[in-house]
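Chains as they are written, first to last, in my numbering: chain A, 1 to 114; chain B, 115 to 234.
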Amino acid sequence: KNQVEQSPQSLIILEGKNCTLQCNYTVSPFSNLRWYKQDTGRGPVSLTIMTFSENTKSNGRYTATLDADTKQSSLHITASQLSDSASYICVVSDRGSTLGRLYFGRGTQLTVWP
Amino acid sequence: EADIYQTPRYLVIGTGKKITLECSQTMGHDKMYWYQQDPGMELHLIHYSYGVNSTEKGDLSSESTVSRIRTEHFPLTLESARPSHTSQYLCASSGSTSPGQGAAWNTEAFFGQGTRLTVV
Numbered sequence: 001k002n003q004v005e006q007s008p009q010s011l012i013i014l015e016g017k018n019c020t021l022q023c024n025y026t027v028s029p030f031s032n033l034r035w036y037k038q039d040t041g042r043g044p045v046s047l048t049i050m051t052f053s054e055n056t057k058s059n060g061r062y063t064a065t066l067d068a069d070t071k072q073s074s075l076h077i078t079a080s081q082l083s084d085s086a087s088y089i090c091v092v093s094d095r096g097s098t099l100g101r102l103y104f105g106r107g108t109q110l111t112v113w114p
Numbered sequence: 115e116a117d118i119y120q121t122p123r124y125l126v127i128g129t130g131k132k133i134t135l136e137c138s139q140t141m142g143h144d145k146m147y148w149y150q151q152d153p154g155m156e157l158h159l160i161h162y163s164y165g166v167n168s169t170e171k172g173d174l175s176s177e178s179t180v181s182r183i184r185t186e187h188f189p190l191t192l193e194s195a196r197p198s199h200t201s202q203y204l205c206a207s208s209g210s211t212s213p214g215q216g217a218a219w220n221t222e223a224f225f226g227q228g229t230r231l232t233v234v
């Protein structure tokens, strides 16, 4: 069964600190993995997209890693800001169908305190 | 900036009413999706389409229906709304960058801002 598991479910950190969010998946055959940021009441916004051959990708203070062998990904946030408070969702796409289905994790709810 | 739009952003209606949630994208994407999301929960796929005149049901059973008469438009309709339909509905689209199964799936999926539906 294709699944995406994220941890932790929620996380509280102080402004300026770093944090790492985890994503494990069983989606096969794998196409790509994306990290999204979703503010409350808004649609998800893409942070990074990684394919099978990519191990790490950065987008400003966000750095995503991918280990396709162990089927794990992480999102590292550096020097957190209050505006980083949001839900971070890991989404994995398969290529076993004509649609390239998206499989969503439950998300990690990050709260940054001043 | 993604060119995908949902209207309305918020909707409060009475039980039994028929409603249509609009979703439009101007990127020429062939694939479009509807997701349902309750507060603090994950997104559940309820409908998808891989092109004009093609629609399929998603993982989560839904009493809603969809249509895809034009590439850019993917409306979702509830014939008779009930309080159990109260939720956030998110529309998304993704496109193929090139023919062929290998590269076609390495595309971005863009989401609309969502419609928060409350049925009273």
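Heads up, the beta-carbon is just placed ideally off N, CA and C, and yes, glycines get one too.
These figures come from a predicted structure and were not determined experimentally.
Please specify which runs of the beta strand (DSSP E), each continuous and at least 3 residues long, are wholly inside the region 123 to 196 of chain B, giving them in chain order. 124 to 127, 133 to 139, 145 to 151, 158 to 165, 168 to 171 and 190 to 192
Just checking my contact of Ile127 (chain B) with Cys205 (chain B) at CB under 8 Å: how many whole Å lie between their CB atoms? Contact annotation, Ile127 (chain B) with Cys205 (chain B): C-beta distance approximately 19 Å; criterion of less than 8 Å not satisfied.
Near Val180 (chain B), what residues of its chain come up, given a Cβ to Cβ distance below 8 Å and the 5 sequence neighbours on each side ignored? Trp148, His161, Ser163, Thr169, Phe188, Pro189, Leu190 and Thr191
Can you list, in chain order, the residues of its chain whose CB lies under 7 Å from that of Lys17 (chain A), leaving out five sequence neighbours each side? Ser80
Arg230 (chain B) versus chain A: which residues are under 9 Å apart at the beta carbon? Gly41
Helix or strand or just coil, what does DSSP make of Ser73 (chain A)? strand
Within 10 angstroms of its Cβ, does Gln9 (chain A) collect 16 or more other Cβ (buried), or is it exposed? exposed
Using only the alpha-carbon positions, how far apart do Pro213 (chain B) and Thr56 (chain A) sit? At Pro213 (chain B), the pLDDT of 40 sits below 50, so the modelled position is not reliable; the number obtained from the coordinates is stated separately. Rounded to whole angstroms, Pro213 (chain B) to Thr56 (chain A) spans 27 Å at the Cα level.
From the DSSP secondary-structure annotation, give me the bridge partner or partners of Glu5 (chain A). A:Asn24
Determine, using beta carbons only, whether Glu186 (chain B) comes closer than 8 Å to chain A. No, Glu186 (chain B) does not count as interfacial toward chain A.
Where the region 156 to 189 of chain B meets chain A: residues whose CB sits under 7 Å from a CB there: Glu156, Leu157, Tyr162 and Tyr164
Beta-carbon of Gly107 (chain A) versus every beta-carbon of chain B: anything under 8 Å? yes
Taking Cβ-Cβ distances shorter than 9 Å, what residues in chain A pair up with Gln139 (chain B)? Those within 9 Å of Gln139 (chain B) in chain A number zero; the least Cβ separation is about 12 Å.
Just to confirm the assignment, what range does the beta strand (DSSP E) spanning Arg230 (chain B) have? Thr229 to Val233
Distance cutoff 8 Å, beta carbons only. Does Leu102 (chain A) sit that close to anything in chain B? Yes, because at least one Cβ of chain B sits closer than 8 Å to the Cβ of Leu102 (chain A).
Residue-level contact to chain A via CB, Gln150 (chain B), 8 Å cutoff: no
To the nearest angstrom, how far is the alpha carbon of Ser194 (chain B) from that of Leu14 (chain A)? 46 Å
Would you say Pro8 (chain A) reaches chain B, if we count a Cβ-Cβ gap shorter than 8 Å as a contact? no
Is the region 150 to 160 of chain B touching the region 64 to 84 of chain A in the sense that three or more CB pairs, one from each, lie closer than 8 Å? no
Round the Cβ separation of Tyr88 (chain A) and Leu75 (chain A) to the nearest angstrom and send it over; I've been treating them as touching at under 8 Å. 6 Å
Kindly indicate the opening and closing residues of the beta strand (DSSP E) around Thr65 (chain A). Tyr62 to Asp67
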